[in-house]
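Q:
In this note's numbering, the protein residues as written are 11 to 241.
If you want it as structure tokens, here you go:
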């Protein structure tokens, strides 16, 4: 396994109100490419809706969060980007999320770098029942997902997919082919073999209309910050 093709991924969620109350600017320059010598950092993305802020933090294969914090502390007193990242991941209200599904499963928190792709981030509420939530988690283990559902993802152009969970709120990260269109390709996706049956089955765990298609269940989140570290 080439280490250059992998990263460690950590995801966090925050209450949007609490996040903004603490004085963080969510609307600094939306896309930042930086040559800053922040050892370990690959990228940080922030997404939001009215209720939640969702953070995706990617760091190098050989780093963990403690290593990254040590690196950030060297620069945050003089560097806006380092301070933003440090303050964000260390907010007292930050909740680190559990990954419950990965299309091509790797040992947590490992993820594969997906190049030449389009990213879509969405969220969905689960039924407020602990037993149903636990069933939903078990259902998304790689050996429990219907094989045809994984084949459908490949057919429609989904390169990778991850689902993270905080209590009864699920967050989906979907990396697709660059020309993937949610509306057009979502219609094709819904017509693939066993897709309708799968969506009907999992709807018992979700706060959705049981007849909804996959793309109708999940609510899109808006990208508000994307900080990229380029070596």
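Note that CB positions come from ideal geometry on N, CA and C, so glycine has one too.
Quick caveat: nothing in here was measured; it's all calculated off a predicted structure.
Excluding sequence positions up to five away, which residues of its chain have a Cβ less than 6 angstroms from the Cβ of residue 249?
A: It is not possible to answer for residue 249, since the shown part of the chain is limited to 11 through 241.
Q: Are the segment 103-113 and the segment 186-197 in contact at 8 angstroms, needing three or more beta carbon pairs?
A: The segment 103-113 is not in contact with the segment 186-197.
Q: If you measure between the beta carbons of residue 52 and residue 17, is that distance less than 9 angstroms?
A: Yes, the Cβ-Cβ distance between residue 52 and residue 17 is below 9 angstroms.
Q: Do you know whose CA, among 23, 151, 72 and 59, lies nearest residue 234's CA?
A: Nearest C-alpha to residue 234: 59.
Q: Considering only the beta carbon of each residue, do residue 204 and residue 159 sit closer than 9 angstroms?
A: Result yes, Cβ atoms of residue 204 and residue 159 sit closer than 9 angstroms.
Q: Compute the beta-carbon to beta-carbon distance between residue 62 and residue 25, rounded to the nearest angstrom, for a pair I have assumed lies under 8 angstroms.
A: Their Cβ separation, rounded to whole angstroms, is 7 angstroms, which keeps residue 62 and residue 25 in contact under 8 angstroms.
Q: Rounded to whole angstroms, what's the CA-CA distance from residue 208 to residue 93? Just pull it up for me.
A: Cα-Cα distance, rounded: 44 angstroms.
Q: Have a look at residue 136 and residue 171 and give me their C-alpha separation to the nearest angstrom.
A: If I take the Cα positions, the gap works out to 18 angstroms.
Q: Which runs of the alpha helix (DSSP H) fall wholly inside the segment 62-144 and span at least 4 residues, in chain order?
A: Here the runs fully enclosed are 75-83 and 90-99.
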